[in-house]
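**Q** Could you have a look at this structure, given as structure tokens, before my questions?
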Amino acid sequence: MASRVDRSAFSEWLWTVDHLLLAGFVALMLGGVVLSFAGSPPVAERLGLEPYFFVKRQALYLFPALAVMLGASMLTPRMVRRAALVIFALGLVALVLVLFTGVEVKGARRWIDILGFSIQPSEFIKPAFVILIAFLLSEAGKRPEVPGRLFSILLFVMVAALFIAQPDFGQTMLLLMVWAALFFMAGLSWVWIGALGLLGVASLGSAYMLLPHVTARINRFINPGSGDTYQVDTALEAIVQGGWLGRGPGEGTVKRILPDSHTDFIFAVAAEEFGIIMCIVLLSVFAFVVLRGLTHARREPDPFVRLATAGLMVMFGIQSAINMAVNLNMMPAKGMTLPFISYGGSSMLAVALAMGFVLALTRKRPRPSRTAPVVVRRVARVPIDPVK
Numbered sequence: 001m002a003s004r005v006d007r008s009a010f011s012e013w014l015w016t017v018d019h020l021l022l023a024g025f026v027a028l029m030l031g032g033v034v035l036s037f038a039g040s041p042p043v044a045e046r047l048g049l050e051p052y053f054f055v056k057r058q059a060l061y062l063f064p065a066l067a068v069m070l071g072a073s074m075l076t077p078r079m080v081r082r083a084a085l086v087i088f089a090l091g092l093v094a095l096v097l098v099l100f101t102g103v104e105v106k107g108a109r110r111w112i113d114i115l116g117f118s119i120q121p122s123e124f125i126k127p128a129f130v131i132l133i134a135f136l137l138s139e140a141g142k143r144p145e146v147p148g149r150l151f152s153i154l155l156f157v158m159v160a161a162l163f164i165a166q167p168d169f170g171q172t173m174l175l176l177m178v179w180a181a182l183f184f185m186a187g188l189s190w191v192w193i194g195a196l197g198l199l200g201v202a203s204l205g206s207a208y209m210l211l212p213h214v215t216a217r218i219n220r221f222i223n224p225g226s227g228d229t230y231q232v233d234t235a236l237e238a239i240v241q242g243g244w245l246g247r248g249p250g251e252g253t254v255k256r257i258l259p260d261s262h263t264d265f266i267f268a269v270a271a272e273e274f275g276i277i278m279c280i281v282l283l284s285v286f287a288f289v290v291l292r293g294l295t296h297a298r299r300e301p302d303p304f305v306r307l308a309t310a311g312l313m314v315m316f317g318i319q320s321a322i323n324m325a326v327n328l329n330m331m332p333a334k335g336m337t338l339p340f341i342s343y344g345g346s347s348m349l350a351v352a353l354a355m356g357f358v359l360a361l362t363r364k365r366p367r368p369s370r371t372a373p374v375v376v377r378r379v380a381r382v383p384i385d386p387v388k
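Residue numbers for the sequence shown, in UniProt numbering: 1 to 388.
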């Protein structure tokens, strides 16, 4: 155990990082490996792979994800901004390359092969985007002559266009909600808030009218008889079969016919094998880390740190809520993973990077004193002639 008088980098990190946040993130990572044992073997068998193929890969991704999160947590806020800028620039290049050389899966080009690994650039560009938008809005608040709001709009339009071109409407809507939340937290007027609300409604309407797969998903949600709802119906059946206490580890049967049981519908598998009570515990862990992160943001005097921390936690929370809501048939299917829980190397590494940034931004730092310093003025001594 490091001593408080030890001034090494590791000791300083150990005494300044939020241990409860770190414990929450590690618990979710380990929970993802455990649930991979429950949800992935049936999928591996259907694909003709070794039963624990996805389990081994999920466990293998755990170590670099931990390294990325811990490494990012040691950065200063200035280094976080610089790292985000580099990641964002590389992510933009990768998003453009995906459109031409990406691997097509289920009609979408979202992955690119690099050194034998499939990488999803959109996952990595999200945390970098949040950091840059927070910086632009914080600078605009401090210096009105800086066109931070205009630049943030241009960045959003650029990234959203590349996402839609894949197409990936779910990630686009997530980015829109986080971007709008950052604008709201930056203290925009109600005129801007109303305009952003209209933009969201217009974007959803345009996607429904112009994108056939979005139209089909929304129609299936409103009228289940209008299309194939097999995955959602099977997920609901798995949740019902699990009951309060679950059927026991490895005893689930409905999961064997659930196509995406290891990714988008891992929450339903958790409900079938471990029960609704375990799902409530999992939900509580997500709620705890989100609320704790937002509490840090509320108390932070630095505008950039406040907005960046809040934006990253809002993104983490919304993505988690969307995945769980889809499993419960409370909203149309989005194809969005459950952070740290669903299988996926790009998703786990990108979320680890984002939460590493959160740990870095919420570390204890010296705060400027609110009391004005006492100024001591020296009065020159004037020699006095002795009285004669």
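Glycine residues also receive a C-beta, built at the ideal position from the N, C-alpha and C atoms.
Keep in mind that this is a model prediction, so the values were computed, not measured.
How long is the line joining the alpha carbons of residue 171 and residue 122, rounded to whole angstroms?
**A** Straight-line Cα distance between these residues: approximately 8 Å.
**Q** If we call anything under 8 Å between Cβ atoms a contact, is residue 162 one with residue 95?
**A** For residue 162 and residue 95, yes; Cβs fall inside 8 Å.
**Q** If I'm right that residue 335 touches residue 264 with Cβ under 8 Å, what's the distance once you round it to whole angstroms?
**A** Rounded, the Cβ-Cβ distance is 6 Å, consistent with contact.
**Q** Below 6 Å CB to CB, which residues in the same chain sit around residue 10 once its five sequence neighbours on both sides are set aside?
**A** Cβ within range, chain order: n/a, list empty.
**Q** Smallest Cα separation from residue 261: which of 138, 32 and 8?
**A** Comparing Cα-Cα distances from residue 261 to each of 138, 32 and 8, the minimum goes to 32.
**Q** Check the C-beta distance from residue 65 over to residue 349 and give it rounded, since I have them as a contact under 8 Å.
**A** At roughly 5 Å, the Cβ-Cβ gap stays under 8 Å, so residue 65 and residue 349 are in contact.
**Q** Specify whether the region 236-255 and the region 201-216 touch according to this definition: at least 3 beta carbon pairs, one from each stretch, less than 8 Å apart.
**A** The region 236-255 vs the region 201-216: no contact.
**Q** Taking the DSSP output, what are the residues bridged to residue 111?
**A** DSSP output for residue 111 lists 103 as bridge partner(s).
**Q** Hey, residue 73 and residue 359: beta-carbon distance below 8 Å or not?
**A** Against a cut-off of 8 Å, the Cβ pair of residue 359 and residue 73 comes out as a contact.
**Q** So, does the CB of residue 360 fall closer than 8 Å to a CB anywhere in chain C?
**A** Within the model displayed, chain C is absent; a lone protein chain is all it includes.
**Q** Identify whether residue 164 lies in helix, strand or coil by the three-state DSSP scheme.
**A** Of the three classes helix, strand and coil, the one that applies to residue 164 here is helix, per DSSP.
**Q** Counting along the chain, where does the alpha helix (DSSP H) carrying residue 73 start and finish?
**A** Per DSSP, residue 73 belongs to the alpha helix (DSSP H) from 53-73.
**Q** Tell me whether the beta-carbon of residue 320 lies closer than 8 Å to the beta-carbon of residue 339.
**A** A contact, by the Cβ cut-off of 8 Å.
**Q** Which residue's Cα is closest to the Cα of residue 78: 333, 304 and 366?
**A** Comparing Cα positions, the closest option is 304.
**Q** Among 112, 332 and 103, which residue has its Cα nearest to the Cα of residue 93?
**A** When each option's Cα is compared against that of residue 93, the closest is 112.
**Q** Please classify residue 118: does DSSP put it in a helix, a strand, or coil?
**A** Looking at residue 118 - three-state DSSP - the assignment turns out to be strand.
**Q** Is the region 305-312 touching the region 22-41 in the sense that three or more CB pairs, one from each, lie closer than 8 Å?
**A** No: the two stretches stay apart, fewer than three of their Cβ pairs being nearer than 8 Å.
**Q** For residue 158, count neighbouring C-beta atoms within 10 Å of its own C-beta (all shown protein chains included) and say buried if the count is 16 or more, exposed if not.
**A** With fewer than 16 other Cβ atoms within 10 Å, it is exposed.
**Q** Whole angstroms is fine: what's the gap from residue 133's alpha carbon to residue 182's?
**A** Looking at the two C-alpha atoms, the distance is approximately 8 Å.
**Q** Taking just the CA atoms, how far does residue 223 sit from residue 20?
**A** Their backbone Cα atoms lie some 43 Å apart in a straight line.
**Q** Tell me which same chain residues have a C-beta within less than 6 Å of the C-beta of residue 18, skipping the five on either side of it?
**A** Once the five neighbours on either side are set aside, the close Cβ partners of residue 18 are 362.
**Q** Taking all protein chains shown into account, decide if residue 54 is buried (16 or more other Cβ within 10 angstroms of its Cβ) or exposed.
**A** Its Cβ being crowded by 16 or more others within 10 Å, residue 54 is buried.
**Q** Residue ranges of each alpha helix (DSSP H) run of no fewer than 4 residues wholly in the region 304-362, ordered along the chain?
**A** With a minimum length of 4 residues, the continuous alpha helix (DSSP H) runs that stay inside the region 304-362 are 345-361.
**Q** Can you tell me whether residue 152 is buried or exposed, with buried defined as 16 or more other CB within 10 angstroms of its CB?
**A** When all chains shown are included, residue 152 counts as buried.
**Q** What is the rounded straight-line gap between the Cα of residue 299 and the Cα of residue 34?
**A** Going by the C-alpha atoms only, they are around 35 Å apart.
**Q** For residue 295, which of helix, strand or coil comes out of DSSP?
**A** Three-state DSSP puts residue 295 in a helix.
**Q** Mind checking which residues open and close the alpha helix (DSSP H) that includes residue 76?
**A** First-last for residue 76: undefined, no H or E at that position.
**Q** What does a CB cutoff of less than 8 Å around residue 160 pick up in its chain, not counting 5 residues either side in sequence?
**A** For residue 160, where only same-chain residues beyond five positions count, the Cβ hits under 8 Å are 172, 175 and 176.
**Q** Between which two residues does the alpha helix (DSSP H) holding residue 213 run?
**A** Taken as a continuous stretch (DSSP letters only), the alpha helix (DSSP H) holding residue 213 covers 212-222.
**Q** With the cut-off set at 8 Å, would you say residue 247 and residue 272 are in Cβ contact?
**A** In this structure, residue 272 lies closer than 8 Å to residue 247 by Cβ.
**Q** From what residue to what residue does the alpha helix (DSSP H) around residue 233 run?
**A** Unbroken alpha helix (DSSP H) run through residue 233: 230-242.
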